[in-house]
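To keep things clear, I will list the structure first and then write my remarks on it.
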Amino acid sequence: MERWLVLGGTAWLGREIAREALARGHEVTCLARGESGSVVEGAQWVRADRDDADAYDDVEGPWDAVVDVARQPGHVRSALAALGADARRWTFVSTGNVYADPALPMHEDDPLRPPAVGDTVDPDQYGEGKVACEQAVRAHPGALVLRVGLIAGPGDPSDRFGYWSARLGSAGEDDVLVPDPPDGRCQVVDVRDAAAFAVDATGRSVTGVLNLAGESLPLGDALVRIAAAVGHRGRLVPVHPARLEELGVQPWAGERSLPLWLPEEDGGMVRMDTSHAGHAGLRRRSLEETAVDTLADERARGIDRPRRAGLTRAEERELLALL
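Sequential numbering from 265 applies to the sequence shown in the numbering used here.
Quick look at the structure:
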(Lines of atoms letter the chains of each structure in order from A and count residues from 1; the text may use other names and numbers.)
(Lines give C-alpha, C1' and ligand atoms only; values in the text may rest on other atoms or scores of the structure.)
Protein backbone atom coordinates (compact mmCIF):
# COMPACT_ATOMS: atom_id res chain seq x y z
CA MET A 1 0.00 0.00 0.00
CA GLU A 2 1.26 3.46 -0.93
CA ARG A 3 0.46 6.89 0.48
CA TRP A 4 -1.15 9.13 -2.13
CA LEU A 5 -2.09 12.78 -1.81
CA VAL A 6 -4.59 14.32 -4.21
CA LEU A 7 -4.52 18.11 -4.21
CA GLY A 8 -8.18 18.59 -4.98
CA GLY A 9 -10.19 15.40 -5.11
CA THR A 10 -13.69 16.80 -4.66
CA ALA A 11 -14.47 17.78 -8.26
CA TRP A 12 -15.00 15.51 -11.23
CA LEU A 13 -11.64 14.19 -12.48
CA GLY A 14 -9.79 14.69 -9.20
CA ARG A 15 -12.47 12.78 -7.33
CA GLU A 16 -12.32 9.96 -9.87
CA ILE A 17 -8.53 9.78 -9.50
CA ALA A 18 -8.92 9.46 -5.74
CA ARG A 19 -11.52 6.72 -6.23
CA GLU A 20 -9.22 4.83 -8.60
CA ALA A 21 -6.22 5.11 -6.27
CA LEU A 22 -8.33 3.71 -3.42
CA ALA A 23 -9.45 0.84 -5.64
CA ARG A 24 -5.77 -0.01 -6.20
CA GLY A 25 -5.34 -0.38 -2.44
CA HIS A 26 -3.58 2.91 -1.74
CA GLU A 27 -4.07 5.11 1.30
CA VAL A 28 -5.51 8.33 -0.14
CA THR A 29 -5.67 11.81 1.36
CA CYS A 30 -7.42 14.69 -0.41
CA LEU A 31 -6.61 18.30 0.38
CA ALA A 32 -9.44 20.61 -0.70
CA ARG A 33 -11.71 23.38 0.48
CA GLY A 34 -14.75 21.30 -0.41
CA GLU A 35 -16.57 23.93 -2.44
CA SER A 36 -16.91 21.52 -5.38
CA GLY A 37 -18.26 18.62 -3.32
CA SER A 38 -16.98 15.96 -0.96
CA VAL A 39 -14.29 13.31 -1.19
CA VAL A 40 -15.00 9.68 -2.06
CA GLU A 41 -15.71 7.24 0.72
CA GLY A 42 -12.50 5.82 2.11
CA ALA A 43 -10.33 8.87 1.47
CA GLN A 44 -9.12 11.12 4.27
CA TRP A 45 -10.24 14.71 3.78
CA VAL A 46 -8.01 17.55 4.91
CA ARG A 47 -9.87 20.83 4.51
CA ALA A 48 -7.57 23.67 3.54
CA ASP A 49 -7.44 26.75 1.35
CA ARG A 50 -4.32 26.74 -0.82
CA ASP A 51 -4.18 30.52 -0.64
CA ASP A 52 -3.26 30.19 3.05
CA ALA A 53 0.36 30.03 4.16
CA ASP A 54 -0.33 27.00 6.38
CA ALA A 55 -2.36 25.11 3.76
CA TYR A 56 -0.05 22.09 3.74
CA ASP A 57 0.76 21.83 7.44
CA ASP A 58 -1.55 18.83 7.94
CA VAL A 59 -0.35 16.84 4.91
CA GLU A 60 3.33 16.44 5.59
CA GLY A 61 5.09 13.62 3.76
CA PRO A 62 6.58 11.36 2.89
CA TRP A 63 4.24 10.67 -0.04
CA ASP A 64 4.64 7.99 -2.66
CA ALA A 65 2.64 10.12 -5.07
CA VAL A 66 1.10 13.57 -5.26
CA VAL A 67 -1.52 14.35 -7.91
CA ASP A 68 -2.40 17.99 -8.51
CA VAL A 69 -5.25 19.32 -10.67
CA ALA A 70 -4.73 23.02 -9.92
CA ARG A 71 -4.97 25.83 -12.45
CA GLN A 72 -3.38 28.63 -10.39
CA PRO A 73 0.42 28.77 -10.71
CA GLY A 74 0.79 30.03 -7.16
CA HIS A 75 -0.99 26.98 -5.77
CA VAL A 76 1.30 24.65 -7.71
CA ARG A 77 4.47 26.46 -6.67
CA SER A 78 3.49 26.57 -3.01
CA ALA A 79 2.63 22.86 -3.01
CA LEU A 80 5.97 21.97 -4.57
CA ALA A 81 7.82 24.14 -2.07
CA ALA A 82 6.03 22.53 0.88
CA LEU A 83 5.82 18.92 -0.29
CA GLY A 84 8.08 18.36 -3.28
CA ALA A 85 11.12 17.13 -1.37
CA ASP A 86 9.04 14.46 0.39
CA ALA A 87 7.14 13.24 -2.68
CA ARG A 88 8.57 10.43 -4.77
CA ARG A 89 6.30 11.07 -7.76
CA TRP A 90 4.41 14.20 -8.80
CA THR A 91 1.64 14.09 -11.40
CA PHE A 92 0.09 17.27 -12.73
CA VAL A 93 -3.19 17.31 -14.65
CA SER A 94 -2.83 19.87 -17.42
CA THR A 95 -4.82 20.55 -20.59
CA GLY A 96 -4.67 20.72 -24.36
CA ASN A 97 -5.27 24.45 -23.97
CA VAL A 98 -1.54 24.89 -23.36
CA TYR A 99 -0.71 24.55 -27.07
CA ALA A 100 0.07 27.76 -28.92
CA ASP A 101 -2.03 27.06 -32.03
CA PRO A 102 -5.38 25.46 -31.17
CA ALA A 103 -6.21 25.06 -34.86
CA LEU A 104 -3.52 22.44 -35.46
CA PRO A 105 -3.29 18.79 -34.39
CA MET A 106 -1.58 18.67 -31.01
CA HIS A 107 1.65 16.77 -30.30
CA GLU A 108 3.57 16.86 -27.03
CA ASP A 109 6.56 18.66 -28.54
CA ASP A 110 4.52 21.42 -30.22
CA PRO A 111 5.02 25.07 -29.17
CA LEU A 112 3.11 26.22 -26.09
CA ARG A 113 1.42 29.45 -25.14
CA PRO A 114 3.56 31.89 -23.16
CA PRO A 115 3.37 31.14 -19.43
CA ALA A 116 1.24 33.38 -17.28
CA VAL A 117 3.06 35.88 -15.12
CA GLY A 118 2.26 35.86 -11.42
CA ASP A 119 0.53 33.46 -9.09
CA THR A 120 -3.10 33.87 -10.18
CA VAL A 121 -4.83 33.86 -13.55
CA ASP A 122 -8.29 34.76 -14.78
CA PRO A 123 -10.39 32.14 -16.62
CA ASP A 124 -9.47 33.65 -20.00
CA GLN A 125 -5.82 32.84 -19.23
CA TYR A 126 -6.51 29.20 -18.43
CA GLY A 127 -4.01 27.85 -20.96
CA GLU A 128 -1.26 30.29 -20.02
CA GLY A 129 -1.80 29.49 -16.36
CA LYS A 130 -1.45 25.77 -16.96
CA VAL A 131 1.78 26.39 -18.90
CA ALA A 132 3.21 28.19 -15.87
CA CYS A 133 2.06 25.32 -13.65
CA GLU A 134 3.73 22.80 -15.95
CA GLN A 135 7.01 24.70 -15.84
CA ALA A 136 7.05 24.54 -12.06
CA VAL A 137 6.13 20.85 -11.91
CA ARG A 138 8.64 19.68 -14.49
CA ALA A 139 11.50 20.66 -12.19
CA HIS A 140 10.48 17.76 -9.92
CA PRO A 141 12.49 14.57 -10.68
CA GLY A 142 9.37 12.39 -10.64
CA ALA A 143 7.16 14.70 -12.67
CA LEU A 144 4.44 13.45 -15.00
CA VAL A 145 2.35 16.03 -16.88
CA LEU A 146 -0.91 14.85 -18.42
CA ARG A 147 -2.42 17.19 -21.00
CA VAL A 148 -6.05 16.14 -20.90
CA GLY A 149 -8.53 16.70 -23.72
CA LEU A 150 -12.32 16.81 -23.51
CA ILE A 151 -13.57 14.49 -20.76
CA ALA A 152 -16.91 12.69 -20.89
CA GLY A 153 -18.83 10.23 -18.78
CA PRO A 154 -20.96 10.09 -15.64
CA GLY A 155 -20.87 13.19 -13.48
CA ASP A 156 -19.97 15.61 -16.29
CA PRO A 157 -20.54 19.14 -14.93
CA SER A 158 -20.04 20.80 -18.33
CA ASP A 159 -22.97 19.10 -20.16
CA ARG A 160 -20.94 19.07 -23.37
CA PHE A 161 -21.15 15.31 -23.87
CA GLY A 162 -24.05 14.67 -21.52
CA TYR A 163 -26.33 16.86 -23.62
CA TRP A 164 -26.12 14.38 -26.49
CA SER A 165 -26.70 11.27 -24.37
CA ALA A 166 -29.65 12.98 -22.71
CA ARG A 167 -31.17 14.47 -25.85
CA LEU A 168 -30.76 11.43 -28.07
CA GLY A 169 -31.69 9.03 -25.29
CA SER A 170 -34.99 10.81 -24.63
CA ALA A 171 -35.97 11.80 -28.19
CA GLY A 172 -37.55 8.48 -29.21
CA GLU A 173 -38.60 8.87 -32.86
CA ASP A 174 -38.30 12.67 -32.88
CA ASP A 175 -35.88 14.52 -35.13
CA VAL A 176 -32.75 15.85 -33.42
CA LEU A 177 -30.78 18.83 -34.70
CA VAL A 178 -27.04 18.15 -35.04
CA PRO A 179 -24.12 20.27 -36.26
CA ASP A 180 -22.53 19.31 -39.57
CA PRO A 181 -19.16 21.08 -39.82
CA PRO A 182 -16.98 20.03 -42.77
CA ASP A 183 -14.14 17.92 -41.40
CA GLY A 184 -15.57 18.26 -37.88
CA ARG A 185 -14.13 15.86 -35.32
CA CYS A 186 -15.05 14.55 -31.89
CA GLN A 187 -12.49 13.39 -29.31
CA VAL A 188 -13.64 12.52 -25.81
CA VAL A 189 -12.02 10.40 -23.12
CA ASP A 190 -14.16 8.76 -20.45
CA VAL A 191 -13.39 10.25 -17.04
CA ARG A 192 -12.93 6.75 -15.63
CA ASP A 193 -10.35 5.89 -18.27
CA ALA A 194 -8.52 9.18 -17.72
CA ALA A 195 -8.39 8.51 -13.98
CA ALA A 196 -7.28 4.91 -14.43
CA PHE A 197 -4.45 5.97 -16.71
CA ALA A 198 -3.36 8.76 -14.36
CA VAL A 199 -3.17 6.35 -11.43
CA ASP A 200 -1.55 3.57 -13.44
CA ALA A 201 1.10 5.78 -15.06
CA THR A 202 1.87 7.48 -11.76
CA GLY A 203 2.15 4.13 -10.01
CA ARG A 204 4.61 2.90 -12.61
CA SER A 205 6.71 6.06 -12.23
CA VAL A 206 6.12 7.22 -15.80
CA THR A 207 7.60 10.69 -16.25
CA GLY A 208 7.51 13.37 -18.92
CA VAL A 209 4.58 14.88 -20.83
CA LEU A 210 1.69 12.91 -22.33
CA ASN A 211 -1.47 13.91 -24.15
CA LEU A 212 -4.44 12.12 -22.59
CA ALA A 213 -7.52 12.10 -24.81
CA GLY A 214 -9.98 9.85 -26.58
CA GLU A 215 -10.00 8.53 -30.11
CA SER A 216 -10.44 11.29 -32.69
CA LEU A 217 -13.53 10.52 -34.80
CA PRO A 218 -15.57 12.35 -37.44
CA LEU A 219 -18.21 14.26 -35.48
CA GLY A 220 -21.06 12.95 -37.61
CA ASP A 221 -19.97 9.35 -37.06
CA ALA A 222 -19.69 9.91 -33.31
CA LEU A 223 -23.22 11.33 -33.09
CA VAL A 224 -24.62 8.43 -35.12
CA ARG A 225 -22.93 5.97 -32.77
CA ILE A 226 -24.17 7.78 -29.66
CA ALA A 227 -27.71 7.85 -31.08
CA ALA A 228 -27.68 4.12 -31.78
CA ALA A 229 -26.25 3.31 -28.36
CA VAL A 230 -28.90 5.23 -26.42
CA GLY A 231 -31.83 4.03 -28.54
CA HIS A 232 -32.72 7.05 -30.68
CA ARG A 233 -35.02 5.96 -33.52
CA GLY A 234 -35.62 9.27 -35.27
CA ARG A 235 -33.63 11.30 -37.78
CA LEU A 236 -30.51 13.29 -37.15
CA VAL A 237 -30.96 16.61 -38.96
CA PRO A 238 -27.51 17.94 -39.92
CA VAL A 239 -27.07 21.70 -40.32
CA HIS A 240 -24.00 23.51 -41.65
CA PRO A 241 -22.23 25.79 -39.15
CA ALA A 242 -22.86 28.88 -41.29
CA ARG A 243 -26.61 28.29 -41.11
CA LEU A 244 -26.43 27.57 -37.38
CA GLU A 245 -24.66 30.86 -36.82
CA GLU A 246 -27.35 32.66 -38.84
CA LEU A 247 -29.89 31.10 -36.51
CA GLY A 248 -28.01 32.25 -33.41
CA VAL A 249 -26.67 28.85 -32.38
CA GLN A 250 -23.17 28.85 -30.96
CA PRO A 251 -20.59 26.06 -30.87
CA TRP A 252 -19.16 24.14 -27.91
CA ALA A 253 -21.02 25.39 -24.83
CA GLY A 254 -23.27 27.99 -23.28
CA GLU A 255 -26.87 28.95 -23.90
CA ARG A 256 -28.41 28.09 -27.28
CA SER A 257 -25.44 25.95 -28.27
CA LEU A 258 -24.67 22.60 -29.85
CA PRO A 259 -21.86 20.96 -27.88
CA LEU A 260 -18.93 19.00 -29.36
CA TRP A 261 -19.01 21.29 -32.42
CA LEU A 262 -15.85 23.38 -32.49
CA PRO A 263 -14.98 26.21 -34.89
CA GLU A 264 -12.07 25.53 -37.22
CA GLU A 265 -9.75 27.83 -35.28
CA ASP A 266 -10.05 25.49 -32.28
CA GLY A 267 -10.07 22.21 -34.21
CA GLY A 268 -6.77 20.99 -32.80
CA MET A 269 -8.48 20.31 -29.47
CA VAL A 270 -10.16 17.29 -31.08
CA ARG A 271 -7.04 16.18 -32.92
CA MET A 272 -4.73 15.46 -30.01
CA ASP A 273 -2.06 12.86 -30.73
CA THR A 274 -2.28 10.20 -28.02
CA SER A 275 0.18 7.69 -29.45
CA HIS A 276 2.65 8.18 -26.59
CA ALA A 277 -0.07 7.61 -23.99
CA GLY A 278 -1.08 4.50 -25.91
CA HIS A 279 2.46 3.16 -25.67
CA ALA A 280 2.38 3.98 -21.94
CA GLY A 281 -0.72 1.85 -21.40
CA LEU A 282 -3.76 4.06 -22.06
CA ARG A 283 -6.88 1.94 -22.46
CA ARG A 284 -10.18 3.45 -23.60
CA ARG A 285 -13.67 2.00 -23.39
CA SER A 286 -16.01 2.33 -26.36
CA LEU A 287 -17.88 5.53 -27.14
CA GLU A 288 -21.07 3.50 -26.86
CA GLU A 289 -20.33 2.44 -23.28
CA THR A 290 -19.60 6.01 -22.28
CA ALA A 291 -22.82 7.20 -23.93
CA VAL A 292 -25.00 4.58 -22.20
CA ASP A 293 -23.45 5.16 -18.77
CA THR A 294 -23.76 8.91 -19.23
CA LEU A 295 -27.45 8.54 -20.09
CA ALA A 296 -28.06 6.63 -16.85
CA ASP A 297 -26.33 9.42 -14.95
CA GLU A 298 -28.31 12.07 -16.83
CA ARG A 299 -31.58 10.38 -15.93
CA ALA A 300 -30.56 10.27 -12.29
CA ARG A 301 -29.68 13.98 -12.33
CA GLY A 302 -32.73 15.02 -14.38
CA ILE A 303 -32.92 15.08 -18.17
CA ASP A 304 -34.71 18.45 -18.28
CA ARG A 305 -32.61 20.23 -15.67
CA PRO A 306 -31.00 23.60 -16.50
CA ARG A 307 -27.81 23.02 -18.51
CA ARG A 308 -24.52 24.74 -19.18
CA ALA A 309 -24.55 23.63 -22.82
CA GLY A 310 -27.09 22.67 -25.45
CA LEU A 311 -30.51 23.68 -26.74
CA THR A 312 -33.75 23.62 -24.82
CA ARG A 313 -36.55 21.57 -26.33
CA ALA A 314 -38.36 24.77 -27.29
CA GLU A 315 -35.27 26.17 -29.00
CA GLU A 316 -34.75 22.98 -30.97
CA ARG A 317 -38.38 22.87 -32.12
CA GLU A 318 -38.14 26.49 -33.22
CA LEU A 319 -34.96 25.83 -35.19
CA LEU A 320 -36.24 22.67 -36.86
CA ALA A 321 -39.30 24.59 -38.04
CA LEU A 322 -37.05 27.13 -39.76
CA LEU A 323 -35.08 24.56 -41.75
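Yeah, the Cβ is synthetic: ideal placement off N, Cα and C, and Gly gets one too.
Please read these numbers as outputs of a predicted model, since none were measured by experiment.
Of the residues assessed, D454 falls on the buried side of the cut-off, its CB having 16 or more other CB atoms within 10 angstroms. The beta carbon of L414 lies closer than 6 Å to those of V452 in the same chain, with the five residues before and after it left out.
L347 has its alpha-carbon roughly 7 Å from the corresponding atom of G325. Here M370 carries a strand assignment [DSSP, helix/strand/coil]. Of all C-beta pairs linking the segment 424–441 to the segment 551–566, three or more are shorter than 8 Å, placing the two stretches in contact. Fewer than three Cβ pairs drawn from the segment 366–381 and the segment 308–318 lie within less than 8 Å of each other, which leaves the two stretches out of contact. Membership of P337 in the alpha helix (DSSP H) is indicated by the continuous run 337–347. Taking the C-beta atoms as reference points, H496 is found nearer than 8 Å to V440. In the structure shown, the three-state DSSP call for P515 is strand. Its chain contains W268, R353, T466 as the residues whose beta carbon lies nearer than 6 Å to that of A329, once the 5 sequence neighbours on both sides are disregarded; these appear in chain order.
The beta carbons of A573 and S521 sit about 5 Å from each other, so the pair counts as a contact at 8 Å. With respect to the C-alpha of G518, the residue from R571, L500, M265, R297 having the closest C-alpha is R571. The segment 481–498 and the segment 408–423 do not touch, with fewer than three beta-carbon pairs separated by less than 8 Å. DSSP, reduced to helix, strand and coil, places W525 outside both helices and strands of the structure shown, so it counts as coil.
The beta-bridge partner set that DSSP reports for Q399 is empty. Rounded to whole angstroms, A491 and G298 show a C-alpha spacing of 36 Å. Boundaries of the alpha helix (DSSP H) around F461: 455–467. Fully enclosed beta strand (DSSP E) runs of no fewer than 3 residues occupy 308–311 of the segment 293–321, in order along the chain.
If you check the CB distance, E372 and H543 do not come in under 8 Å.
In terms of Cβ geometry, A400 and R341 form a close pair [threshold 8 Å].
With 16 or more other CB atoms across the displayed protein chains lying within 10 angstroms of its CB, V409 is buried.
Residue pairing from DSSP places W354 in a beta bridge opposite V330, A407. Membership of R267 in any alpha helix (DSSP H) is not indicated; the residue belongs instead to the beta strand (DSSP E) covering 267–271.
The segment 523–535 and the segment 460–475 do not touch, with fewer than three beta-carbon pairs separated by less than 8 Å. Going by DSSP, A416 is part of no alpha helix (DSSP H) but of the beta strand (DSSP E) stretching over 414–416. One Cα belongs to R565, the other to G391, and the distance between them is close to 30 Å. In the DSSP assignment, G426 falls within the alpha helix (DSSP H) that extends over 426–434. The beta carbons of L546 and L476 sit about 7 Å from each other, so the pair counts as a contact at 8 Å. Contact annotation: E280 and A459 have beta-carbon atoms nearer than 8 Å. In this structure, G272 places its C-beta atom within 8 Å of the C-beta atom of A296. Shown here for V501: same chain residues with a beta carbon closer than 6 Å to its own, the five before and five after excluded, namely D439, L441 in chain order.
In the DSSP assignment, G542 falls within the alpha helix (DSSP H) that extends over 539–543.
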